[in-house]
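Numbering (the working numbering), first residue to last: 3 to 105.
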């Protein structure tokens with residue numbers, strides 16, 4: 003009994019730490035989608051740019067879904083890869099919104 007309690011106490015912070023990271027990924031996806039939508043609304047993004055950005059967002063979401071499908075949530079390596087993909091996509095969104103092309 004005591005061993006089970008110690009084991010649960012040791013794993014508790016790990017489970018709690020994983021939840022905010024996964025929530026951060028979802029929040030970031032929503033924010034990037036908003037940035038794309040604002041770019042379309044303001045005319046900063048062309049139809050082609052929008053299509054490419056949305057397609058890449060879909061790829062990131064699909065990778066996340068595949069990674070979660072194993073039932074164990076996301077590993078640290080999977081989270082790092084998703085965050086890296088999101089970093090790259092964020093830079094693409096910025097560049098496309100601030101280039102000289104307008105619709």
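We put the beta carbon where it would ideally sit given N, CA and C, even for glycine.
For residue 23, the three-state secondary structure derived from DSSP is helix.
CA-CA distance, residue 81 to residue 27, rounds to 8 angstroms.
Beyond the five residues adjoining it in sequence on each side, residue 52 comes within less than 8 angstroms, by CB distance, of 38, 41 and 42 in the same chain, given in chain order. Contact annotation, residue 59 with residue 29: C-beta distance approximately 14 angstroms; criterion of less than 8 angstroms not satisfied. When rounded, the separation of the alpha-carbon atoms in residue 46 and residue 66 is 28 angstroms.
Counting only the Cα atoms, residue 99 lies some 21 angstroms from residue 85. The beta carbons of residue 94 and residue 48 sit no closer together than 8 angstroms. Across the structure, residue 68 and residue 76 are spaced so that their CA atoms are roughly 10 angstroms apart.
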